[in-house]
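Positions in the sequence shown are counted from 1; adding 400 to them yields this note's numbering.
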Amino acid sequence: MMMSSKERSSADCISVEYEGKFSYYIYLRQDFLDLKEELIRLECEGRRICIVTDSNVGPLYEEALKSAIAGVASKITVFTFKAGEEQKNLSTVEQLYEHLILESFDRKDVLIALGGGVVGDLTGFTAATYLRGIRFIQVPTSLLAMVDSSIGGKTGVDFKSYKNMVGAFYMPKCVYMNLSCLLTLDDRQFYAGFGEIIKHGLIKDKNYYEWLKQHREAILHKDFNSLKETVYRSCMIKRDVVQRDPKEKGERALLNFGHTLGHAVEKQMLFEKLHGECVSIGMAAASFLSFKRGDITREEYEDIKTVLKVYSLPVTVKNCNKEEILSAASHDKKMDGKKIKFILLKQIGEAVIDTTVSQEEMKHALDSLEETE
(Lines of atoms letter the chains of each structure in order from A; the text may use other names.)
(Lines give C-alpha, C1' and ligand atoms only; values in the text may rest on other atoms or scores of the structure.)
Protein backbone atom coordinates (compact mmCIF):
# COMPACT_ATOMS: atom_id res chain seq x y z
CA MET A 401 0.00 0.00 0.00
CA MET A 402 1.44 3.36 -1.02
CA MET A 403 2.00 6.05 1.61
CA SER A 404 -0.57 8.87 1.53
CA SER A 405 0.33 12.55 1.34
CA LYS A 406 -0.83 12.87 4.96
CA GLU A 407 1.63 10.17 6.04
CA ARG A 408 4.40 11.89 4.10
CA SER A 409 3.77 15.16 5.92
CA SER A 410 4.19 13.62 9.37
CA ALA A 411 7.21 13.87 11.65
CA ASP A 412 8.47 10.69 9.95
CA CYS A 413 8.83 12.43 6.62
CA ILE A 414 10.26 15.79 5.56
CA SER A 415 9.55 17.36 2.19
CA VAL A 416 12.47 19.17 0.53
CA GLU A 417 12.15 21.82 -2.19
CA TYR A 418 14.79 22.81 -4.72
CA GLU A 419 14.58 26.21 -6.40
CA GLY A 420 11.00 26.64 -5.20
CA LYS A 421 9.67 23.26 -6.35
CA PHE A 422 9.26 19.92 -4.61
CA SER A 423 12.42 17.85 -4.99
CA TYR A 424 12.43 14.83 -2.67
CA TYR A 425 11.37 13.35 0.66
CA ILE A 426 13.49 12.54 3.69
CA TYR A 427 12.08 9.48 5.44
CA LEU A 428 12.80 8.67 9.09
CA ARG A 429 12.11 4.97 9.59
CA GLN A 430 13.04 2.12 11.92
CA ASP A 431 13.84 -0.41 9.16
CA PHE A 432 14.17 -0.70 5.36
CA LEU A 433 10.64 -2.00 4.75
CA ASP A 434 9.11 1.16 3.20
CA LEU A 435 11.96 1.66 0.73
CA LYS A 436 10.40 -0.77 -1.75
CA GLU A 437 7.24 1.37 -1.91
CA GLU A 438 9.36 4.47 -2.43
CA LEU A 439 11.19 2.82 -5.34
CA ILE A 440 7.83 1.97 -6.90
CA ARG A 441 6.68 5.58 -6.42
CA LEU A 442 9.85 6.72 -8.18
CA GLU A 443 9.08 4.41 -11.11
CA CYS A 444 12.10 2.18 -10.55
CA GLU A 445 10.29 -1.07 -11.34
CA GLY A 446 12.13 -3.13 -13.92
CA ARG A 447 15.23 -0.92 -13.78
CA ARG A 448 18.75 -1.87 -12.74
CA ILE A 449 19.79 -0.87 -9.21
CA CYS A 450 23.37 -0.62 -8.00
CA ILE A 451 23.93 -0.53 -4.24
CA VAL A 452 27.14 1.40 -3.55
CA THR A 453 28.61 0.69 -0.14
CA ASP A 454 31.90 0.25 1.70
CA SER A 455 33.66 -2.66 3.37
CA ASN A 456 32.37 -1.69 6.84
CA VAL A 457 28.70 -1.08 6.06
CA GLY A 458 28.15 -3.69 3.36
CA PRO A 459 28.50 -6.74 5.62
CA LEU A 460 26.02 -5.19 8.10
CA TYR A 461 23.20 -4.04 5.83
CA GLU A 462 23.68 -5.12 2.22
CA GLU A 463 21.59 -8.30 2.50
CA ALA A 464 18.84 -6.63 4.52
CA LEU A 465 18.57 -3.86 1.94
CA LYS A 466 18.54 -6.29 -0.98
CA SER A 467 15.84 -8.33 0.72
CA ALA A 468 13.71 -5.25 1.39
CA ILE A 469 13.73 -4.11 -2.25
CA ALA A 470 13.59 -7.55 -3.85
CA GLY A 471 11.21 -7.77 -6.80
CA VAL A 472 11.42 -4.13 -7.82
CA ALA A 473 14.53 -4.14 -9.99
CA SER A 474 15.32 -6.21 -13.05
CA LYS A 475 18.78 -6.66 -11.52
CA ILE A 476 20.53 -5.61 -8.32
CA THR A 477 24.30 -5.26 -8.33
CA VAL A 478 26.61 -4.22 -5.50
CA PHE A 479 29.75 -2.11 -5.73
CA THR A 480 31.83 -2.22 -2.55
CA PHE A 481 34.97 -0.19 -1.94
CA LYS A 482 37.37 -0.18 0.99
CA ALA A 483 36.10 1.95 3.86
CA GLY A 484 37.85 5.22 4.68
CA GLU A 485 38.10 8.89 3.69
CA GLU A 486 41.24 8.08 1.67
CA GLN A 487 39.05 6.11 -0.78
CA LYS A 488 36.87 9.13 -1.58
CA ASN A 489 38.73 10.02 -4.73
CA LEU A 490 38.52 9.97 -8.51
CA SER A 491 40.15 6.55 -8.71
CA THR A 492 37.24 4.97 -6.82
CA VAL A 493 34.78 6.92 -9.00
CA GLU A 494 36.48 5.50 -12.10
CA GLN A 495 36.07 1.98 -10.74
CA LEU A 496 32.38 2.63 -10.13
CA TYR A 497 32.00 4.08 -13.65
CA GLU A 498 33.48 0.88 -15.06
CA HIS A 499 31.17 -1.28 -12.95
CA LEU A 500 28.13 0.63 -14.26
CA ILE A 501 29.33 0.45 -17.86
CA LEU A 502 29.95 -3.31 -17.66
CA GLU A 503 26.50 -3.78 -16.10
CA SER A 504 24.93 -1.67 -18.90
CA PHE A 505 23.43 0.98 -16.62
CA ASP A 506 21.54 3.76 -18.42
CA ARG A 507 20.04 7.06 -17.31
CA LYS A 508 16.80 5.49 -16.07
CA ASP A 509 18.60 3.13 -13.71
CA VAL A 510 19.34 3.90 -10.06
CA LEU A 511 22.23 4.06 -7.61
CA ILE A 512 21.62 3.58 -3.89
CA ALA A 513 24.25 5.03 -1.55
CA LEU A 514 24.33 2.72 1.48
CA GLY A 515 26.75 4.09 4.06
CA GLY A 516 28.14 7.18 5.71
CA GLY A 517 29.20 10.50 4.27
CA VAL A 518 32.04 9.10 2.17
CA VAL A 519 29.70 6.66 0.42
CA GLY A 520 27.00 9.28 -0.04
CA ASP A 521 29.33 11.96 -1.42
CA LEU A 522 31.07 9.57 -3.82
CA THR A 523 27.84 7.97 -5.04
CA GLY A 524 26.20 11.35 -5.54
CA PHE A 525 29.15 12.66 -7.56
CA THR A 526 29.16 9.53 -9.69
CA ALA A 527 25.41 9.86 -10.26
CA ALA A 528 25.82 13.51 -11.26
CA THR A 529 28.46 12.71 -13.86
CA TYR A 530 27.70 9.22 -15.21
CA LEU A 531 25.92 9.68 -18.56
CA ARG A 532 25.49 13.33 -17.53
CA GLY A 533 23.15 12.32 -14.75
CA ILE A 534 21.60 9.15 -13.33
CA ARG A 535 19.13 8.86 -10.45
CA PHE A 536 20.39 8.09 -6.97
CA ILE A 537 18.97 7.55 -3.49
CA GLN A 538 20.68 8.30 -0.21
CA VAL A 539 20.44 5.60 2.49
CA PRO A 540 22.71 7.07 5.18
CA THR A 541 23.81 4.73 7.97
CA SER A 542 25.90 7.07 10.15
CA LEU A 543 24.55 9.81 12.38
CA LEU A 544 26.69 12.44 10.68
CA ALA A 545 25.44 11.45 7.23
CA MET A 546 21.82 11.46 8.39
CA VAL A 547 21.89 14.98 9.79
CA ASP A 548 24.29 16.57 7.32
CA SER A 549 25.87 15.13 4.19
CA SER A 550 22.85 13.24 2.84
CA ILE A 551 20.73 16.43 2.71
CA GLY A 552 21.07 19.29 0.26
CA GLY A 553 22.61 17.82 -2.86
CA LYS A 554 26.27 18.52 -2.22
CA THR A 555 28.33 15.74 -3.77
CA GLY A 556 32.07 15.45 -4.21
CA VAL A 557 35.36 13.68 -3.78
CA ASP A 558 38.76 14.68 -2.46
CA PHE A 559 41.58 15.64 -4.81
CA LYS A 560 44.90 14.48 -3.37
CA SER A 561 44.81 15.88 0.18
CA TYR A 562 42.31 18.64 -0.65
CA LYS A 563 38.89 17.80 0.78
CA ASN A 564 35.82 17.89 -1.51
CA MET A 565 37.58 19.94 -4.19
CA VAL A 566 35.83 18.10 -7.06
CA GLY A 567 32.06 17.95 -6.89
CA ALA A 568 28.62 19.02 -8.04
CA PHE A 569 25.23 20.09 -6.69
CA TYR A 570 22.99 17.13 -7.54
CA MET A 571 19.82 16.21 -5.68
CA PRO A 572 18.92 12.66 -4.66
CA LYS A 573 15.51 11.25 -5.52
CA CYS A 574 14.96 10.56 -1.83
CA VAL A 575 16.80 10.20 1.46
CA TYR A 576 15.79 7.10 3.40
CA MET A 577 17.03 6.86 6.98
CA ASN A 578 16.82 3.56 8.83
CA LEU A 579 17.42 4.92 12.32
CA SER A 580 18.10 1.46 13.74
CA CYS A 581 21.44 1.62 11.92
CA LEU A 582 22.57 4.05 14.63
CA LEU A 583 22.48 1.21 17.16
CA THR A 584 25.36 -0.57 15.40
CA LEU A 585 27.69 2.44 15.20
CA ASP A 586 30.78 2.27 17.35
CA ASP A 587 31.00 4.97 20.00
CA ARG A 588 33.49 7.14 18.15
CA GLN A 589 31.45 7.22 14.94
CA PHE A 590 28.28 7.88 16.93
CA TYR A 591 29.76 10.79 18.89
CA ALA A 592 31.28 12.28 15.73
CA GLY A 593 27.80 12.96 14.38
CA PHE A 594 27.17 15.42 17.19
CA GLY A 595 29.77 17.75 15.73
CA GLU A 596 27.24 18.68 13.05
CA ILE A 597 24.21 18.39 15.38
CA ILE A 598 25.55 20.81 17.98
CA LYS A 599 26.57 23.10 15.13
CA HIS A 600 22.94 23.30 13.98
CA GLY A 601 21.84 24.59 17.36
CA LEU A 602 24.68 27.08 17.63
CA ILE A 603 24.11 28.66 14.22
CA LYS A 604 20.32 28.58 13.95
CA ASP A 605 18.37 27.49 17.02
CA LYS A 606 19.33 28.31 20.62
CA ASN A 607 16.35 26.33 21.91
CA TYR A 608 17.63 23.23 20.12
CA TYR A 609 21.09 23.79 21.60
CA GLU A 610 19.53 23.95 25.07
CA TRP A 611 17.42 20.87 24.30
CA LEU A 612 20.56 18.91 23.42
CA LYS A 613 22.00 19.87 26.80
CA GLN A 614 18.86 18.90 28.69
CA HIS A 615 18.37 15.55 26.94
CA ARG A 616 22.00 14.49 26.65
CA GLU A 617 21.63 11.47 28.92
CA ALA A 618 18.79 9.90 26.92
CA ILE A 619 20.46 10.78 23.61
CA LEU A 620 23.83 9.33 24.58
CA HIS A 621 22.13 6.16 25.82
CA LYS A 622 20.61 5.89 22.33
CA ASP A 623 17.00 6.15 23.44
CA PHE A 624 15.21 5.71 20.11
CA ASN A 625 12.66 8.51 20.51
CA SER A 626 15.34 10.95 21.64
CA LEU A 627 17.57 10.02 18.71
CA LYS A 628 14.67 10.36 16.29
CA GLU A 629 13.84 13.83 17.65
CA THR A 630 17.51 14.82 17.35
CA VAL A 631 17.78 13.66 13.74
CA TYR A 632 14.44 15.23 12.83
CA ARG A 633 15.27 18.65 14.31
CA SER A 634 18.72 18.74 12.72
CA CYS A 635 17.29 17.69 9.36
CA MET A 636 14.69 20.45 9.56
CA ILE A 637 17.35 23.08 10.25
CA LYS A 638 19.51 21.95 7.35
CA ARG A 639 16.47 21.55 5.08
CA ASP A 640 15.34 25.09 5.73
CA VAL A 641 18.79 26.54 5.04
CA VAL A 642 19.45 24.64 1.81
CA GLN A 643 15.95 25.39 0.49
CA ARG A 644 16.63 29.11 0.83
CA ASP A 645 20.15 28.84 -0.61
CA PRO A 646 20.62 25.59 -2.54
CA LYS A 647 23.95 26.48 -4.17
CA GLU A 648 25.65 28.27 -1.26
CA LYS A 649 25.50 31.81 -2.58
CA GLY A 650 24.78 33.21 0.85
CA GLU A 651 23.07 31.75 3.93
CA ARG A 652 24.09 28.14 3.29
CA ALA A 653 27.67 29.11 4.05
CA LEU A 654 26.61 29.37 7.71
CA LEU A 655 26.54 25.56 7.76
CA ASN A 656 30.34 25.76 7.50
CA PHE A 657 30.66 26.93 11.10
CA GLY A 658 33.69 25.08 12.46
CA HIS A 659 34.73 23.88 9.00
CA THR A 660 37.27 26.53 7.98
CA LEU A 661 39.91 25.52 10.52
CA GLY A 662 38.27 22.10 11.02
CA HIS A 663 38.94 21.04 7.43
CA ALA A 664 42.48 22.41 7.69
CA VAL A 665 43.09 20.36 10.86
CA GLU A 666 41.60 17.33 9.12
CA LYS A 667 44.04 17.72 6.23
CA GLN A 668 47.06 18.48 8.43
CA MET A 669 46.40 15.33 10.46
CA LEU A 670 46.04 13.27 7.26
CA PHE A 671 42.41 12.43 8.08
CA GLU A 672 43.36 10.56 11.26
CA LYS A 673 40.47 12.31 13.02
CA LEU A 674 36.88 11.88 11.92
CA HIS A 675 35.13 14.76 10.16
CA GLY A 676 32.79 15.45 13.09
CA GLU A 677 35.75 15.53 15.47
CA CYS A 678 37.52 18.10 13.30
CA VAL A 679 34.34 20.19 13.04
CA SER A 680 34.21 20.18 16.86
CA ILE A 681 37.80 21.43 17.04
CA GLY A 682 36.98 24.08 14.44
CA MET A 683 33.88 25.18 16.38
CA ALA A 684 35.95 25.56 19.54
CA ALA A 685 38.33 27.83 17.60
CA ALA A 686 35.52 29.83 15.95
CA SER A 687 33.76 30.20 19.31
CA PHE A 688 37.00 31.50 20.80
CA LEU A 689 37.17 34.17 18.06
CA SER A 690 33.51 35.05 18.67
CA PHE A 691 34.32 35.47 22.36
CA LYS A 692 37.44 37.55 21.73
CA ARG A 693 35.44 39.84 19.43
CA GLY A 694 32.90 40.37 22.20
CA ASP A 695 29.92 38.71 20.51
CA ILE A 696 29.54 35.87 23.02
CA THR A 697 30.56 35.89 26.66
CA ARG A 698 33.37 33.87 28.22
CA GLU A 699 30.69 31.83 30.00
CA GLU A 700 29.00 31.03 26.69
CA TYR A 701 32.35 30.12 25.12
CA GLU A 702 33.20 27.80 28.01
CA ASP A 703 29.68 26.32 27.87
CA ILE A 704 30.12 25.47 24.18
CA LYS A 705 33.35 23.63 24.94
CA THR A 706 31.68 21.82 27.84
CA VAL A 707 28.77 20.66 25.65
CA LEU A 708 31.16 19.40 22.98
CA LYS A 709 33.10 17.47 25.62
CA VAL A 710 29.89 16.03 27.12
CA TYR A 711 29.23 14.53 23.69
CA SER A 712 32.77 13.08 23.70
CA LEU A 713 34.06 15.51 21.08
CA PRO A 714 37.54 17.08 21.12
CA VAL A 715 38.09 20.79 21.68
CA THR A 716 41.90 20.68 21.61
CA VAL A 717 44.47 19.06 19.36
CA LYS A 718 47.95 17.64 19.91
CA ASN A 719 50.96 18.49 17.75
CA CYS A 720 49.19 21.37 16.06
CA ASN A 721 51.30 22.60 13.10
CA LYS A 722 49.86 26.09 12.87
CA GLU A 723 51.62 27.09 9.67
CA GLU A 724 50.36 24.03 7.82
CA ILE A 725 46.83 24.57 9.13
CA LEU A 726 46.81 28.22 8.09
CA SER A 727 48.17 27.28 4.67
CA ALA A 728 45.45 24.65 4.23
CA ALA A 729 42.79 27.16 5.29
CA SER A 730 44.02 29.60 2.64
CA HIS A 731 43.43 26.93 -0.04
CA ASP A 732 39.97 26.01 1.19
CA LYS A 733 37.21 25.92 -1.43
CA LYS A 734 35.20 28.32 0.75
CA MET A 735 37.58 31.19 0.02
CA ASP A 736 36.01 34.44 -1.21
CA GLY A 737 38.63 35.74 -3.60
CA LYS A 738 41.72 36.15 -1.41
CA LYS A 739 39.66 36.39 1.76
CA ILE A 740 38.92 33.47 4.05
CA LYS A 741 35.18 33.16 4.60
CA PHE A 742 34.89 32.55 8.33
CA ILE A 743 31.66 31.73 10.16
CA LEU A 744 31.38 33.28 13.61
CA LEU A 745 28.67 33.46 16.26
CA LYS A 746 26.87 36.77 16.70
CA GLN A 747 25.12 35.07 19.59
CA ILE A 748 24.12 31.51 20.48
CA GLY A 749 21.67 30.49 17.77
CA GLU A 750 22.80 33.14 15.27
CA ALA A 751 25.85 32.84 13.02
CA VAL A 752 27.30 35.35 10.55
CA ILE A 753 29.68 35.24 7.59
CA ASP A 754 32.86 37.23 8.21
CA THR A 755 35.71 37.86 5.78
CA THR A 756 37.75 40.10 8.09
CA VAL A 757 39.37 37.45 10.29
CA SER A 758 43.11 38.10 10.15
CA GLN A 759 45.98 35.63 10.13
CA GLU A 760 46.92 36.88 13.59
CA GLU A 761 43.43 36.15 14.90
CA MET A 762 43.51 32.66 13.42
CA LYS A 763 46.89 31.99 15.01
CA HIS A 764 45.45 33.16 18.33
CA ALA A 765 42.51 30.77 17.83
CA LEU A 766 44.92 27.92 17.08
CA ASP A 767 46.81 28.77 20.28
CA SER A 768 43.53 28.19 22.15
CA LEU A 769 43.35 24.65 20.74
CA GLU A 770 46.70 23.49 22.08
CA GLU A 771 46.44 20.75 24.69
CA THR A 772 47.86 21.78 28.02
CA GLU A 773 47.40 18.51 29.88
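We put the beta carbon where it would ideally sit given N, CA and C, even for glycine. Source: prediction; values computed, not measured.
Query	Result
Go ahead and label Phe-422 buried or exposed: buried means 16 or more other beta carbons lie within 10 angstroms of its beta carbon, across all protein chains shown.	exposed
Need the endpoints of the beta strand (DSSP E) that Ala-751 sits in, please.	750-754
In angstroms, rounded to a whole number, what distance separates the CA positions of Ile-512 and Cys-444?	12 Å
Please determine, among Phe-481, Leu-502 and Ile-501, the residue with the shortest C-alpha to C-alpha distance to Thr-492.	Phe-481
Using C-beta distances below 6 Å, list every residue in its chain close to Ala-765, excluding the 5 sequence neighbours before and after it, in chain order.	Ala-685, Phe-688 and Leu-689
DSSP state of Gly-556, grouped into three classes?	strand
Can you tell me the Cα-Cα spacing of Ala-664 and Ala-728, whole angstroms?	5 Å
Can you tell me where the alpha helix (DSSP H) with Val-710 in it begins and where it stops?	698-710
Among residues of its own chain, excluding the 5 on either side of Gly-749, which ones have a beta-carbon nearer than 6 Å to its beta-carbon?	Asp-605 and Lys-606
Here's a check: name, in chain order, each residue in its chain whose Cβ is nearer than 6 Å to the Cβ of Ala-751, leaving out the five neighbours to either side.	Ile-603, Leu-654, Phe-657, Ile-743 and Leu-745
Determine whether the beta carbon atoms of Val-543 and Phe-505 lie at a separation below 7 Å.	Strictly speaking, residue 543 in this sequence is Leu, with Val absent from that position. Not a contact, by the Cβ cut-off of 7 Å.
Measure the C-alpha to C-alpha separation of Gly-515 and Leu-502 and round it to an integer number of angstroms.	23 Å
Identify every residue that forms a DSSP beta bridge with Gly-567.	Gly-556
So what does Ser-415 bridge to, in DSSP terms?	Tyr-425
Among the candidates Leu-442, Asn-489 and Glu-417, whose CA atom is the shortest distance from the CA of Ile-469?	Leu-442
Using the Cα positions of Ser-730 and Thr-555, report the straight-line distance between them to the nearest angstrom.	22 Å
Near Ser-474, which residues of its chain fall below 7 Å by C-beta distance, leaving aside the five closest residues on each side in sequence?	Gly-446, Arg-447 and Arg-448
Which class does Asp-454 belong to by DSSP, given the choice of helix, strand or coil?	strand
Per DSSP, which one or two residues make a beta bridge with Cys-574?	Tyr-425
Quick check on Gly-471: buried or exposed, where buried means 16 or more other Cβ atoms within 10 Å of its Cβ?	exposed
Apply the 10 Å Cβ neighbour rule to Glu-419 and answer buried if 16 or more other Cβ atoms are within range, or exposed otherwise.	exposed
Quick check on Glu-770: does DSSP put it in helix, strand or coil?	strand
Given a threshold of 16 other Cβ atoms within 10 Å of its Cβ, counted over all protein chains shown, does Thr-706 qualify as buried or as exposed?	exposed
Whose CA, out of Ser-580, Lys-488 and Met-565, lies closest to the CA of Ser-430?	With the sequence shown as reference, residue 430 is identified as Gln, and Ser is not the correct amino acid for it. Closest by alpha carbon: Ser-580.
Tell me where the beta strand (DSSP E) around Gly-515 begins and ends.	510-515
Just to check my reading of the structure: Asn-547 and Gly-593 have Cβ atoms closer than 8 Å, yes? What is that Cβ distance to the nearest angstrom?	The sequence shown places Val at residue 547, not Asn. With 8 Å as the limit, Val-547 and Gly-593 qualify as a contact, their Cβ atoms being about 6 Å apart.
Using the Cβ count rule (16 or more neighbours within 10 Å means buried), how would you classify Asp-412?	buried
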